[in-house]
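Undergrad:
Dropping the structure here:
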């Protein structure tokens, strides 16, 4: 049966357990070392102390005088006991050269033979040894008593080994007391650190923090939306895969730690990321995306950074633009149906009045007018998507009292546009330019919008939209393409995004967008898009 010890769950408990084990190992090792070292030192010190006492007793004139008396024990026994009491040794034994004791702590031992070696002392030398005598093991020193170079007695002073061990144990006790104090201080410090740590980790232990980190990493890389975390100095602290894709930045290692201002993002987007106040559902443009940005500051008594979320609404924005176009087409068709119904009623009424010839003339004129408009658009722009867009926008403009015409210079044949220039982008570019031109021209005198679509040297597509509106201030020609610029009142969904989307689409395809003043005082927007080598090849092969 295996005994499994429960491990502390909290990080502080683990730290305290490790600290206790470490202190125990250090104290045990130091105690063993100290015991061995201190015991040797204590025995040496005891030998020196015993030697000093023995020499002092042997050199005492009163000892030599007492030895000359008929009963040396009568004077030497009290003297030896006094020395023992005053010098902190365990015994002082004075004996004759044969080893017969004249003094001993136990009076019963007086007159008996000394237990120990005396040979070196009889040769005139002082020596020390550890020997087990009547009082037990002791460290003793033996020295001769000289009287005119003649050895008249011997003196032995000693300290019991038990006393030496007791001194060492006292030092170990002090060491253990210090270790216990260190352990107690460590426990208090660990408790304080644990309390502080749990406040910072919201009460989670190490395992929970590890699990939280795993969940955090999994969620971070699983979310398709962009997530960006900035520290208090507006440096990137964290970015997920979605954020790198949406912002078009490099690997995460190349971005983390860099200031936002160094990421080469559009100025409005950089300003939103650096703003101290929260941003809610702000629309921003990058080189090829439309992003919805939300920022929220992270505070804890002081500003610690911000959390930024990014949503890609490029497809949604494009679909909304197409939906607006379809709604415009629907409104135009509804208006045309209403007009057609009025004209049909007129024809029917003429027939009922017996004026068949006038009915035929009226119907023929209306049909010729509608067909002439269709023929004009299709003859100039046979590209089906653009032709359909122009027909629908013409009807919309007419409903708003604006004349939309296709210039005689227009010439764009079907099949000329490359696959790299999708119809959706052309609808975004031309549709937004026409809508802005109609808005600008509406309400003016003889409002008109002129659209030109042609190719230049079969290598470049030119789209030009001019109006009879008030035009654009020359000092603001660059600002009109920024998100948020508008001369119209703001609606619930916000304005100023159309021209920014046009600029984005044109830039994405390597084109150029410019605005100038027209001859009639309005604005002229011109887009130049490269068609690329495939279009030139198709033109050379007779496709056009």
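In our numbering, the protein residues as written are 373 to 916. Glycine is no exception: its CB is placed at the ideal position from the N, C-alpha and C atoms.
1. Taking the alpha-carbon of residue 894 as reference, which of 885, 874, 679 and 818 has the nearest alpha-carbon?
2. For residue 895, write down the residues that DSSP places opposite it in a beta bridge.
3. Would the segment 516-536 and the segment 465-483 be scored as touching if the rule is three or more Cβ pairs under 8 angstroms?
4. Going straight from the alpha carbon of residue 506 to that of residue 517, what length do you get?
5. In chain order, which beta strand (DSSP E) runs of at least 3 residues are fully inside the segment 780-848?
6. Is it true that the CB of residue 615 sits closer than 7 angstroms to the CB of residue 600?
7. Could you tell me the distance, in whole angstroms, from the CA atom of residue 897 to the CA atom of residue 886?
8. In terms of DSSP beta bridges, what is residue 499 paired with?
9. So, do the segment 676-688 and the segment 650-665 have three or more beta carbon pairs nearer to each other than 8 angstroms?
10. Note down, one range per segment and in chain order, each alpha helix (DSSP H) of at least 4 residues found wholly within the segment 572-657.
11. Can you tell me which of the three DSSP states residue 775 falls into?
12. Name, in chain order, the residues that DSSP records as bridge partners for residue 706.
13. Would you kindly work out how many angstroms separate the C-alpha atoms of residue 445 and residue 421, rounded to a whole number?
14. Taking Cβ positions, are residue 493 and residue 464 nearer each other than 7 angstroms?
15. Do you know offhand how far residue 656's Cα is from residue 756's?
16. With H, G and I counted as helix, E and B as strand and the rest as coil, what does DSSP make of residue 725?
17. I need the DSSP call for residue 667, collapsed to helix, strand or coil.
18. Residues bridged to residue 678 by DSSP?
19. How long is the line joining the alpha carbons of residue 811 and residue 782, rounded to whole angstroms?
20. Going by C-alpha to C-alpha distance, which of 768, 665, 619 and 718 sits closest to residue 706?
21. Since residue 528 is in the beta strand (DSSP E), which residue starts that stretch and which ends it?
22. Checking the sheet assignment: what are the DSSP bridge partners for residue 473?
23. When DSSP labels each residue in this structure, what does residue 863 get in the three-state scheme?
24. Is the distance from the Cβ of residue 617 to the Cβ of residue 635 below 7 angstroms?
25. Checking the sheet assignment: what are the DSSP bridge partners for residue 519?
26. What residue ranges within the segment 416-493 form continuous beta strand (DSSP E) runs of no fewer than 3 residues, ordered along the chain?
27. Taking the straight line between their C-alpha atoms, what separation do you get for residue 597 and residue 684?
28. Is residue 901 helix, strand or coil by DSSP?
29. Less than 8 angstroms between the CB atoms is what I'm expecting for residue 779 and residue 840, so what's the real figure, rounded?
30. In the DSSP output, what is residue 505 paired with across the bridge?
TA: Considering the structure as presented:
1. By 1-based counting over the chain shown, the position of residue 894 is 522. For the residues 885, 874, 679 and 818, the minimum Cα distance to residue 894 belongs to 818.
2. Translated into positions along the chain shown, residue 895 becomes position 523. BP columns for residue 895 point to 889.
3. yes
4. As a first step, residue 506 is located in the chain shown; it is residue number 134 there, counting from the start. As a first step, residue 517 is located in the chain shown; it is residue number 145 there, counting from the start. Approximately 23 angstroms between the Cα atoms of the pair.
5. 820-828 and 832-839
6. Counting from 1 along the chain shown, the entry for residue 600 is found at position 228. Counting from 1 along the chain shown, the entry for residue 615 is found at position 243. Against a cut-off of 7 angstroms, the Cβ pair of residue 615 and residue 600 comes out as a contact.
7. The sequence position of residue 897 within the chain shown is 525, counting from 1. The sequence position of residue 886 within the chain shown is 514, counting from 1. Going by the C-alpha atoms only, they are around 6 angstroms apart.
8. Taking the first residue of the chain shown as position 1, residue 499 is located at position 127. Answer by DSSP bridge pairing, in chain order: 514.
9. yes
10. 578-594, 613-619, 624-627 and 639-646
11. As a first step, residue 775 is located in the chain shown; it is residue number 403 there, counting from the start. Three-state result, residue 775: strand.
12. The residue given as residue 706 occupies position 334 in the chain shown. According to DSSP, residue 706 bridges with nothing at all.
13. Taking the first residue of the chain shown as position 1, residue 445 is located at position 73. Taking the first residue of the chain shown as position 1, residue 421 is located at position 49. So the two alpha carbons sit approximately 24 angstroms from each other.
14. Along the chain shown, read from residue 1 onward, the residue named residue 493 stands at position 121. Along the chain shown, read from residue 1 onward, the residue named residue 464 stands at position 92. No, the pair does not count as a contact, with Cβ atoms beyond the cut-off.
15. Reading the chain shown from its first residue, position 284 is the one you call residue 656. Reading the chain shown from its first residue, position 384 is the one you call residue 756. Spanning the two alpha carbons is a distance of roughly 32 angstroms.
16. As a position in the chain shown, residue 725 is number 353, starting the count at 1. Coil at residue 725, not helix or strand.
17. Here residue 667 is taken as the residue at index 295 of the chain shown, counted from 1. Of the three classes helix, strand and coil, the one that applies to residue 667 here is strand, per DSSP.
18. On the chain shown, residue 678 is found 306 positions in, with the first residue counted as 1. Partner(s): 602 and 669.
19. Here residue 811 refers to the residue found at position 439 of the chain shown. Here residue 782 refers to the residue found at position 410 of the chain shown. Their Cα atoms are separated by approximately 23 angstroms.
20. Taking the chain shown and counting its residues from 1, the one referred to as residue 706 is at position 334. It is 768 whose Cα lies nearest to the Cα of residue 706.
21. Your numbering for residue 528 matches position 156 in the chain shown. Where residue 528 is concerned, the enclosing beta strand (DSSP E) stretches over 522-532.
22. Here residue 473 corresponds to residue number 101 of the chain shown, with the count starting at 1. Answer is 467.
23. Taking the chain shown and counting its residues from 1, the one referred to as residue 863 is at position 491. Because the pLDDT of residue 863 is 41, which lies under 50, any placement of that residue in the model is unreliable, and the number read from its coordinates should be weighed accordingly. Reduced to three states, the DSSP call for residue 863 is coil.
24. One-based indexing of the chain shown puts residue 617 at position 245. One-based indexing of the chain shown puts residue 635 at position 263. No. Outside cutoff.
25. Looking up residue 519 in the chain shown gives position 147. Paired residues: 522.
26. 463-467
27. Taking the first residue of the chain shown as 1, we reach residue 597 at position 225. Taking the first residue of the chain shown as 1, we reach residue 684 at position 312. Rounded to whole angstroms, residue 597 to residue 684 spans 7 angstroms at the Cα level.
28. Taking the chain shown and counting its residues from 1, one reaches residue 901 at position 529. In this structure, residue 901 counts as strand in the three-state DSSP scheme.
29. In the chain shown, the residue the question calls residue 779 occupies position 407. In the chain shown, the residue the question calls residue 840 occupies position 468. Contact doesn't hold; Cβ gap of about 14 angstroms is too wide.
30. The count along the chain shown starts at 1 and reaches residue 505 at position 133. Paired residue(s): 508.
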